[in-house]
Amino acid sequence: MYKVSSDEFAIPMELTENVMEMQLIPKEEILEDLSKVREEVAVTMKWIHIGTIEVVIKETFKEGIDSGIHLSIMDRRINNLRDGCLGTMIGNLYAGKLTFDIHPRIAYNLADQDFSRVLTLHQDFKRKDLMKEGNRPYSITYRIAYALSNTHHFDLFLRKEYIEIPRIFKEFAKVMTPDPIRIPRIGGVDIVIKDHPVLQRTLSTRTEFSSRMSVSEDRITSYGGKKRS
Numbered sequence: 015m016y017k018v019s020s021d022e023f024a025i026p027m028e029l030t031e032n033v034m035e036m037q038l039i040p041k042e043e044i045l046e047d048l049s050k051v052r053e054e055v056a057v058t059m060k061w062i063h064i065g066t067i068e069v070v071i072k073e074t075f076k077e078g079i080d081s082g083i084h085l086s087i088m089d090r091r092i093n094n095l096r097d098g099c100l101g102t103m104i105g106n107l108y109a110g111k112l113t114f115d116i117h118p119r120i121a122y123n124l125a126d127q128d129f130s131r132v133l134t135l136h137q138d139f140k141r142k143d144l145m146k147e148g149n150r151p152y153s154i155t156y157r158i159a160y161a162l163s164n165t166h167h168f169d170l171f172l173r174k175e176y177i178e179i180p181r182i183f184k185e186f187a188k189v190m191t192p193d194p195i196r197i198p199r200i201g202g203v204d205i206v207i208k209d210h211p212v213l214q215r216t217l218s219t220r221t222e223f224s225s226r227m228s229v230s231e232d233r234i235t236s237y238g239g240k241k242r243s
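Position 38, counted from 1, in the sequence shown is what the numbering used here calls 52; the numbers after and before it change by one each time, with no gaps.
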């Protein structure tokens, strides 16, 4: 059973003050998909296989404004945040749209306690002074190609290296994904998440997860930092 999940969020400035966590595939969406098939089939579907994840960031302001942004896709079931990083993009909206796509090729069970945290998108916008609160400097759109199956040993990745979905926009930024041992360095830029270096060096501005704050937007959580007065 092949599916594509997608959504779009317009991000207000007040939520760019902190690192944001966005839930990518809510369990309710999976259950809704299963409700549309025969019950005897639905009860056998225990596994979800993730193929391609594509994220697009589009600015609402003119080109040419320096506006760095960092994005990471995380598997938050994993206790060690470095181990849980599926891919990271470091880009700038100076040139317009950014795309970020990875092919994690992971599968997980629908009964997992932390199902809703298997795939989360973490973003950190660097231009905190770009606009006043209440304005939305950019939107985040994502699509995930996945398959529901009755077995962990699904032949999905024997037929293809990964599930493919059409590209939305031209790619403007570099993406780094982990190998089995470590996450490679790109341009000597590294990220620290809660004192665990994702790469070997650190950025001048560290990102930490603390002081969780609920927000009104569904499936978005903001972490760390203080709100501007």
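Glycine included, each C-beta is placed from N, C-alpha and C at the ideal position.
- Per DSSP, reduced to three states, the secondary structure at residue 146 is coil, with no helix or strand assignment.
- Taking C-beta separations shorter than 8 Å and ignoring five residues to either side along the sequence, the partners of residue 17 in its chain run 47, 159, 160, 161 and 162, following chain order.
- Fully contained in the segment 84 to 159 is no alpha helix (DSSP H) run of length 4 or more.
- Where residue 47 is concerned, the enclosing alpha helix (DSSP H) starts and stops at 41 to 48.
- DSSP, reduced to helix, strand and coil, places residue 38 outside both helices and strands of the structure shown, so it counts as coil.
- The C-beta distance from residue 64 to residue 151 rounds to 29 Å, too long to fall under 8 Å, and the pair is not in contact.
- Taking all protein chains in view, the Cβ of residue 35 is crowded by 16 or more other Cβ atoms within 10 Å, so the residue is classified as buried.
- Between the beta-carbon of residue 83 and that of residue 67 there is about 17 Å, and that puts the pair past the 8 Å contact cut.
- Judged by DSSP secondary structure, residue 70 falls within the beta strand (DSSP E) whose first and last residues are 61 to 73.
- For a cut-off of 8 Å, the C-beta gap from residue 30 to residue 111 is around 18 Å, too long to register as a contact.
- In the structure shown, residue 51 adopts coil according to DSSP, grouped into three states.
- If you compare the alpha carbons of 146, 55, 81 and 56 with that of residue 109, the shortest gap goes to 81.
- A straight-line Cα-Cα distance of about 19 Å links residue 60 and residue 89.
- Nearest Cα to residue 44 within the set 25, 20, 26 and 24: 20.
- The shortest CA-to-CA distance from residue 75 to any of 96, 116, 27 and 165 is the one to 27.
- In the DSSP annotation of this structure, residue 76 is not part of any beta strand (DSSP E), being labelled neither H nor E.
- In this chain, residue 57 is not harboured by any beta strand (DSSP E), its DSSP state being neither H nor E.
- Sequence-distant partners of residue 98 (beyond 5 residues in either direction) whose C-beta falls short of 8 Å from its own C-beta, in its chain, are 88, 89, 90, 91 and 92.
- Residues 114 and 156 of the same chain have their beta carbon placed closer than 6 Å to that of residue 69, with the five preceding and five following residues left out of the count.
- When beta bridges are read from the DSSP output, residue 19 appears opposite 158.
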